[in-house]
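Single-structure report; data block below.
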Amino acid sequence: MGEPTRLTSPDRVVFEGAGYTKQDVVEYYRAVADWMLPELARRPLSLVRCPDGAAGQCFFQKHYAESLGDDVRSIDLMQKSGVEPYLYVDDIEGVTDLVQMNALEFHPWGSRIEDPELPDRLVFDLDPGEGTGWPDVLRGARDVRDRLRKLGLENFVRLSGGKGVHVVVPIAPGPSWDDARAFSDAFANHMALQAPARYVATMSKAKRPGKIFIDWLRNARGATSVASWSLRARQGGPVAVPIRWEELGRVDGPAAFDLRAARQRAARMRKDPWEGFETLAQTLPAIG
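All residue numbers for the sequence shown refer to this note's numbering, where the first residue is -16 and numbers rise by one.
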């Protein structure tokens, strides 16, 4: 482990309007570390970095660079272009290094560095099209939940901090990325075929008004989804927050928690809202 990170420009406002500073961001991530790290640590990561704050120009980064900090790690992964160095962290010191380099969002792979070719979770992102509202998202999320349960797959829900919600399915490592992608594709398209007035399983913008896009494309090698407890680089400093299914109807939208509210929630929690997630060894069924 390197020396503790010295934060530069700690008073610089990162989230205009809300007034949250770079120091606030570091203190937030340290406060929620115990809840966040099990999903974040030792997974290849993509970052959203915002050198001029959330309102400025932001960019994705997935490759390792020594300039990211002493506690940021590198893993070589084979890509079409050859072997490339991806980044990951072991602990909160690595997260702090990345915040120092203006990272706001953390997007882990659905697999661990110990075996990056074997996914251990699936994510279905319910993305509302124009003309759909929060009640439509709630209905869709519960529909996804119930259909997965009928297939024998317990699942968990996360407010995205953006426009929709994520339904996350833990699985035992074993299926390949191709298997995970094929299952997710079949599941989402089956829903869209059964309820074409409510759902769409394609990225086509033209087909999405008035419908929920069940985004299954995150379940592919190299694709990522935002981590629970990650800030979003959006106005107000919203957070992607894991909740219990019973709580879903009591929140007023996918960005119901900002930095301060999420930190308060984490401080009050006595058990993980996704309790049991890490120990569920579920297998992918066939979809008829």
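C-beta atoms are modelled at their ideal positions from N, C-alpha and C, and glycine is treated no differently.
- For Ile75, the enclosing alpha helix (DSSP H) stretches over residues Ile75 to Gln83.
- A direct Cα-to-Cα measurement between Tyr11 and Arg243 gives close to 8 Å.
- Membership of Ala86 in any alpha helix (DSSP H) is not indicated; the residue belongs instead to the beta strand (DSSP E) covering Ala86 to Pro91.
- Taking a cut-off of 8 Å for Cβ pairs, the stretch 208 to 223 and the stretch 18 to 38 touch, as three or more such pairs fall below it.
- Among the bridge pairs identified by DSSP, Ile58 is matched with Tyr69.
- Restricting attention to Gly65, Arg128, Ala1 and Leu28, the CA atom closest to the CA of Gly93 is found in Leu28.
- For Val222, no alpha helix (DSSP H) encloses it, and the DSSP letter there is neither H nor E.
- Proximity to Lys45 across Glu97, Val(-3) and Leu30 peaks at Leu30, based on C-alpha coordinates.
- For the pair Gly0 and Leu105, the Cα-to-Cα distance works out to about 35 Å.
- The beta-bridge partner set that DSSP reports for Asp110 consists of Phe196.
- For Arg32, the enclosing beta strand (DSSP E) covers residues Leu28 to Arg32.
- Under the criterion of beta carbons closer than 8 Å, Pro68 and Asp59 qualify as touching, at roughly 6 Å.
- Annotation note: the stretch 154 to 184 contains the following uninterrupted alpha helix (DSSP H) runs of length 4 or greater, listed N- to C-terminal: 160 to 177.
- For Arg248, the enclosing alpha helix (DSSP H) has its first and last residue at Leu242 to Arg251.
- Out of Asp98, Asn138, Asp110 and Leu70, the CA that lies nearest to the CA of Glu258 is found in Asn138.
- The alpha carbon of Leu87 has as its nearest neighbour, out of Gly65, Val150 and Tyr3, the alpha carbon of Tyr3.
- In the DSSP assignment, the residues bridged to Thr4 are Val(-4).
- Comparing alpha carbon positions, the residue from Phe240, Phe170, Lys5 and Ser64 closest to Lys133 is Phe170.
- With fewer than 16 other beta carbons inside 10 angstroms of its own, Gln177 counts as exposed.
- CA-to-CA, the gap between Arg32 and Leu(-10) works out to about 15 Å.
- Assigned with DSSP and collapsed to three states, Arg104 falls in strand.
- The alpha carbon of Met61 has as its nearest neighbour, out of Pro99, Leu136 and Glu49, the alpha carbon of Pro99.
- Counting along the chain, Val140 sits inside the beta strand (DSSP E) bounded by residues Phe139 to Leu142.
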